[in-house]
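Q: In this note's numbering, the protein residues as written are 17 to 361.
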Ligand SMILES: *Cc1c(COP(=O)(O)O)cnc(C)c1O
């Protein structure tokens, strides 16, 4: 892979905005700050946050065993994904490949960025169709999005399939691991240095229970991270988010036990759902949600809503006719769901 050729010309040649705090790296020393037109009287939150989020990256680096220079943080994963489009995809020229049924943001971002989205539907077993993907890709295909575990199907993609694509594709493979903490399968993070064209996306929104602080994490080669750093908004991760994330990551035992509770509840709910007469199919799950096929998704969706339960109707997606996606809740919530479904039989 030749990264220089993948990057858009205007991005390759631009000089990034130099923020006031970029020139001054030592955030821990007592200094007189007269460089950023801030209000000097307040004691907290009056200063611009660290544009490179060094302390937060150090915490992630220690947990994930990844070099800090291979980490880029986004205001949610969505911002990190958008940066990839803006760095690599020339509007109205380049294209990306996505594999529906999958996360809707890839398609939305391709529209926003005027980048053609070539959709290659998953095989009926919800695995990527490698031959069709490689046939759909051409010289202008910059990104292929793989979501594993996939939303909304809940399954992980096979390791061989991901490896085949990493080896055969000359552009960048974006592997979205938003749900990896709920899976028995290993993250691809350990193999990041083996594949210069691999970008891995994770988030604090799901397993870490911090959807409200908006923190997405991108792991990639230092070269890719360097390019994305040039175009990210300078202060994209606010001070409160950085503080809260560091606090949370300093003690991940609580998170780990919550994940275990959710995984245990998933096994029970999978069984319970199979006992409901109008549930035609219960798909296995490596995530914190379960995809089911029912007799009539629209009717069942509305009935659940009338009983105060909101699920996601995914029927409009390929391979998902009459499918509902149900997130795992607390034990009480899961039982309410099953009780309600039973009453609707
Ligand atoms: C929920 C989700 C995300 C997380 O997005 P954030 O912007 O980090 O909250 C990313 N990818 C997939 C596939 C998701 O389902």
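Just so you know, even glycine gets a beta-carbon here, dropped at the ideal spot from N, CA and C.
Between residue 285 and ligand 1, is there a pair consisting of the residue's CB and a ligand heavy atom that are separated by less than 8 Å?
A: False, no ligand heavy atom lies under 8 Å from that Cβ.
Q: Let me know the secondary structure DSSP gives residue 350 once reduced to three states.
A: Looking at residue 350 - three-state DSSP - the assignment turns out to be helix.
Q: Counting only runs of 3+ residues fully inside the stretch 125-213, write out the beta strand (DSSP E) ranges in chain order.
A: Within the stretch 125-213, the complete beta strand (DSSP E) runs of at least 3 residues are 132-135, 157-163, 188-192.
Q: With DSSP collapsed to three states, give me the class of residue 123.
A: Residue state, collapsed to three classes: helix.
Q: Going by the C-beta, is residue 121 closer than 8 Å to any heavy atom of ligand 1?
A: Yes.
Q: Just to confirm, is the Cβ distance from residue 265 to residue 87 under 9 Å?
A: For residue 265 and residue 87, no; Cβs fall outside 9 Å.
Q: Taking 8 Å as the line, does the beta carbon of residue 217 fall inside it for any heavy atom of ligand 1?
A: Yes, Cβ of residue 217 sits closer than 8 Å to a heavy atom of ligand 1.
Q: Which stretch, first to last residue, makes up the alpha helix (DSSP H) that contains residue 316?
A: That run of the alpha helix (DSSP H) goes 313-322.
Q: How big is the Cα-Cα spacing for residue 114 and residue 305?
A: One C-alpha to the other measures close to 21 Å.
Q: Measuring straight from C-alpha to C-alpha, what distance separates residue 148 and residue 62?
A: Using only the alpha carbons, I get a separation of about 53 Å.
Q: Which residues in the same chain as residue 136 place their Cβ atom closer than 7 Å to its Cβ, once the five residues preceding and following it in sequence are excluded?
A: These residues qualify, in order along the chain: 113, 115, 145, 148, 149, 152.
Q: How big is the Cα-Cα spacing for residue 279 and residue 259?
A: So the alpha carbons of these two residues sit roughly 28 Å apart.
Q: Thinking residue 171 and residue 250 are a contact (beta carbons under 8 Å), I'd like their distance in whole angstroms, please.
A: Contact flag wrong, Cβ pair sits at about 39 Å.
Q: Check each candidate in 29, 184, 232, 180 and name the one with the smallest Cα separation from residue 98.
A: Cα-wise, what sits closest to residue 98 is 232.
Q: Look up residue 328 in the DSSP assignment and give the residues it is bridged to.
A: In the DSSP output, where bridge partners are listed per residue, residue 328 has 341.
Q: Given 8 Å as the limit, tell me if residue 230 has its C-beta closer than that to any heavy atom belonging to ligand 1.
A: Indeed, a heavy atom of ligand 1 lies less than 8 Å from the Cβ.
Q: For residue 292, name the three-state secondary structure that DSSP assigns.
A: Here residue 292 sits in coil by DSSP.
Q: Cβ of residue 135 versus every heavy atom of ligand 1: is any distance shorter than 8 Å?
A: The answer is no for residue 135.
Q: So what's residue 270 in DSSP terms, helix, strand or just coil?
A: In this structure, residue 270 counts as helix in the three-state DSSP scheme.
Q: I believe residue 224 touches residue 302 by the beta-carbon criterion, under 8 Å. Please report the beta-carbon distance rounded to the nearest angstrom.
A: That pair is no contact at about 17 Å.
Q: Just verifying my parser: in three-state terms, what is the DSSP assignment at residue 29?
A: In this structure, residue 29 counts as helix in the three-state DSSP scheme.
Q: Beta-carbon separation of residue 213 and residue 47 under 9 Å?
A: Going by C-beta atoms, residue 213 is not nearer than 9 Å to residue 47.
Q: Starting from residue 111, trace the beta strand (DSSP E) both ways and give me its first and last residue.
A: First-last of the beta strand (DSSP E) with residue 111: 111-114.
Q: Under the three-state reduction of DSSP, which class applies to residue 333: helix, strand or coil?
A: DSSP places residue 333 in coil when its eight states are reduced to three.
Q: For residue 323, which option in 311, 296, 352, 226 has the closest C-alpha, if you only look at C-alpha atoms?
A: Of the candidates 311, 296, 352, 226, the one whose C-alpha sits nearest the C-alpha of residue 323 is 352.
Q: Bridge partners for residue 279 per DSSP, in chain order?
A: DSSP, once it has assigned bridges, lists no residue as partnering residue 279.
Q: If we require 3 or more residues per run, which beta strand (DSSP E) segments fall completely within the stretch 37-113?
A: For the stretch 37-113, whole beta strand (DSSP E) runs of length 3 or above, ordered along the chain, are 87-90.
Q: Keeping to the same chain, check which residues put their C-beta closer than 8 Å to that of residue 199; ignore five residues upstream and five downstream.
A: Once the five neighbours on either side are set aside, the close Cβ partners of residue 199 are 165, 172, 302, 303.
Q: Less than 9 Å between the beta carbons of residue 330 and residue 316, yes or no?
A: No. Outside cutoff.
Q: Would you kindly work out how many angstroms separate the C-alpha atoms of residue 156 and residue 49, rounded to a whole number?
A: Their Cα atoms are separated by approximately 46 Å.
Q: Got a sec? Which residues, its chain only, sit under 7 Å from residue 257 by beta carbon, not counting five neighbours each side?
A: If we look at residue 257 and ignore the five residues flanking it on each side, its Cβ neighbours are 229, 230, 231.
Q: For a test of the three-state rule: what should DSSP assign to residue 241, helix, strand or coil?
A: In this structure, residue 241 counts as helix in the three-state DSSP scheme.
Q: According to DSSP, what are the bridge partners of residue 219?
A: For residue 219, which the question treats as bridged, DSSP gives the partners 232.
Q: Using 8 Å as the cut-off, classify the Cβ of residue 92 as near or not near the heavy atoms of ligand 1, replying yes or no.
A: Result yes, Cβ under 8 Å from ligand 1.
Q: Can you list, in chain order, the residues of its chain with a C-beta nearer than 7 Å to that of residue 158? Leave out the 5 residues immediately preceding and following it.
A: Excluding residues within five positions, the ones whose Cβ falls inside 7 Å are 22, 104, 105, 110, 112, 187, 188.
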